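K.L.:
Got a structure for you, questions after.
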Amino acid sequence: MKRSNEHKVVLFDPIRSINSGQVFLWKNVNGSWYGINGKEVLKFTVIKKPTINNKKIIATNEVEYQSFPKNELWENFFFRLNDDHEEVYKALSKDEIIYKIYQKYNGLRILRQDPFQCIITFVCASNTNVKRIRHMLTNISKKFGTKIIFDGLEFYLFPNAKELSNASINELTSCGLGYRAKFVKSVASDIESKMLNFEEIKRKYYFDSRKELVKLKGIGNKTADCILLFAFEKLDAFPIDVWIYRSLLENYYWLFDDIKKYLSKNKPTNNQYNIIGSRVREYFGEYAGYVQQYLYYHVRETSRRTW
DNA sequence: GTACAGGCAGTAT
DNA sequence: ATACTGCCTGTA
Numbered sequence: 001m002k003r004s005n006e007h008k009v010v011l012f013d014p015i016r017s018i019n020s021g022q023v024f025l026w027k028n029v030n031g032s033w034y035g036i037n038g039k040e041v042l043k044f045t046v047i048k049k050p051t052i053n054n055k056k057i058i059a060t061n062e063v064e065y066q067s068f069p070k071n072e073l074w075e076n077f078f079f080r081l082n083d084d085h086e087e088v089y090k091a092l093s094k095d096e097i098i099y100k101i102y103q104k105y106n107g108l109r110i111l112r113q114d115p116f117q118c119i120i121t122f123v124c125a126s127n128t129n130v131k132r133i134r135h136m137l138t139n140i141s142k143k144f145g146t147k148i149i150f151d152g153l154e155f156y157l158f159p160n161a162k163e164l165s166n167a168s169i170n171e172l173t174s175c176g177l178g179y180r181a182k183f184v185k186s187v188a189s190d191i192e193s194k195m196l197n198f199e200e201i202k203r204k205y206y207f208d209s210r211k212e213l214v215k216l217k218g219i220g221n222k223t224a225d226c227i228l229l230f231a232f233e234k235l236d237a238f239p240i241d242v243w244i245y246r247s248l249l250e251n252y253y254w255l256f257d258d259i260k261k262y263l264s265k266n267k268p269t270n271n272q273y274n275i276i277g278s279r280v281r282e283y284f285g286e287y288a289g290y291v292q293q294y295l296y297y298h299v300r301e302t303s304r305r306t307w
């Protein structure tokens, strides 16, 4: 689909990005946003919103960034400001459906998260809701993380693999993890014992990396895709939760015409998950992960939310 | 009370 | 390969 240059608005909206279901340990205090990312507390303050007129940026937004410990230009890394956003734009302009969604939520970015925290986050995220995920992660930080003071406020950093692998199942259960407690412990131990090598996961291609991840207890296809997209540089990872699944069948039914009669109504089987994933990757290309995030945000925004 | 939520693993077919 | 079930716990 061709688009004239005047529509090429590359916006960046940090608030929308952190509230799009990728991270769960951010909060607004006195007008600034604070978030736990591994062993850092990240902070940003929106000084001035961007000025947009007729879909053109007149003046870009002004955001102030700080962190504890001090990490210069963390925003470039965390918000992926140096991704090839021209190419991302191309993926998000593939057809009218996604282009409309892109325009509506322009500025939403994929976040580059601390790998260990990201893994634990999405192991905890199975079969539950945002509110409870936040509850579980907050409890884990408080119980096993280091307390620090930043801006006169109390924060608990996220524990690393070593700190968390020492936790007992009972302690984890008391964080509200339920049946996920044993998964978190096992995953933390596997990472601590280097059974899962982060550098290797980053280096390998999407499908090979995912094979490694799903070997761990508590990580299936969907969870692995979230981890790969948000922490391991796999921008072609395309997590398919029940929402995305239903949305794809509804809006992109023509991509699955030949197999439609075999597809389950609400939840894909592993095999269906893989087929659908490879087709959307084929269709949207190497930045399919960005498409997923926009699509996901859109379905959540347009459905009744309880968070 | 009961259904269900941003899945996974284990078992049976 | 698919179908079905149980799982913790909070919320509607």
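In this note's numbering, the protein residues as written are 1 to 307.
Even for Gly, the Cβ is constructed at its ideal location relative to N, Cα and C.
Values in this document were obtained by computation on a predicted structure and should not be read as measured data.
1) Between the stretch 256-271 and the stretch 62-78, are three or more C-beta pairs nearer than 8 angstroms?
2) Looking only at C-alpha atoms, which of Arg-80, Tyr-205 and Leu-164 sits nearest to Leu-228?
3) On a CA-only basis, which of Glu-200, Phe-155, Val-214 and Val-187 is nearest Ala-339? Give me that one, please.
4) Contact check, Asn-106 vs Leu-196 under 8 angstroms by CB: the rounded distance?
5) When DSSP builds the beta bridges, which residues end up paired with Tyr-287?
6) Write down the C-beta distance between Leu-108 and Tyr-297 rounded to the nearest angstrom, noting that I regard them as a contact closer than 8 angstroms.
7) Suppose you measure from the CA of Phe-122 to the CA of His-135; what does that come to, to the nearest Å?
8) Assuming Gly-277 contacts Ile-240 (C-beta within less than 8 angstroms), just tell me the rounded distance between them.
9) Could you tell me the alpha carbon to alpha carbon distance between Lys-260 and Val-280, rounded to whole angstroms?
10) Just the Cα atoms here: how many angstroms apart are Ser-20 and Gln-293?
11) Would you check if there are 3 or more beta carbon pairs closer than 8 angstroms linking the stretch 168-181 to the stretch 108-119?
12) Might you give, ordered along the chain, the residues of its own chain that have their beta carbon closer than 6 angstroms to the beta carbon of Ile-225, omitting 5 neighbours on each side?
13) Contact defined as beta carbons within less than 8 angstroms: I believe Leu-25 pairs with Gly-35. What is the distance between those atoms, to the nearest angstrom?
14) Comparing alpha-carbon positions, which option in Val-63, Lys-94 and Val-184 lies nearest Phe-79?
15) How would you label Lys-185, buried or exposed, when you count the other beta carbons within 10 angstroms and need 16 or more for buried?
16) Ile-101 and Leu-295 look like a contact to me (Cβ under 8 angstroms); what is the Cβ gap, rounded to whole Å?
17) Does the beta-carbon distance from Lys-94 to Phe-256 come in below 9 angstroms?
18) With a CB to CB cut of under 7 angstroms and the five nearest residues on each side skipped, what residues in its chain are close to Lys-222?
19) Please confirm whether Val-291 and Leu-92 have their CB atoms less than 9 angstroms apart.
20) Measuring CB to CB, does Leu-177 end up less than 9 angstroms from Cys-124?
21) Within 10 angstroms of its Cβ, does Ile-18 collect 16 or more other Cβ (buried), or is it exposed?
22) My output table needs one value for Ile-219: the three-state DSSP class, helix, strand or coil.
23) For Ile-140 versus Leu-164, is the C-beta spacing smaller than 9 angstroms?
24) Alpha carbon to alpha carbon, how far is Lys-142 from Ile-98?
25) Would you kindly work out how many angstroms separate the C-alpha atoms of Gly-145 and Ile-120, rounded to a whole number?
26) What are the boundary residues of the alpha helix (DSSP H) that Lys-162 is part of?
P.N.:
In terms of the structure at hand:
1) no
2) Tyr-205
3) The structure shown does not extend to residue 339, since the chain is modelled only from 1 through 307, so no value can be given for it.
4) Not quite, the Cβ-Cβ distance comes to about 36 angstroms (not below 8 angstroms), so this is no contact.
5) Paired residue(s): none; Tyr-287 is not in a bridge.
6) 6 angstroms
7) 13 angstroms
8) 6 angstroms
9) 15 angstroms
10) 8 angstroms
11) no
12) Strictly speaking, residue 225 in this sequence is Asp, with Ile absent from that position. Result list for Asp-225: Ala-237 and Pro-239, in chain order.
13) 6 angstroms
14) Val-63
15) buried
16) 6 angstroms
17) no
18) Pro-239, Ile-240 and Asp-241
19) yes
20) yes
21) buried
22) coil
23) yes
24) 40 angstroms
25) 13 angstroms
26) 161-165
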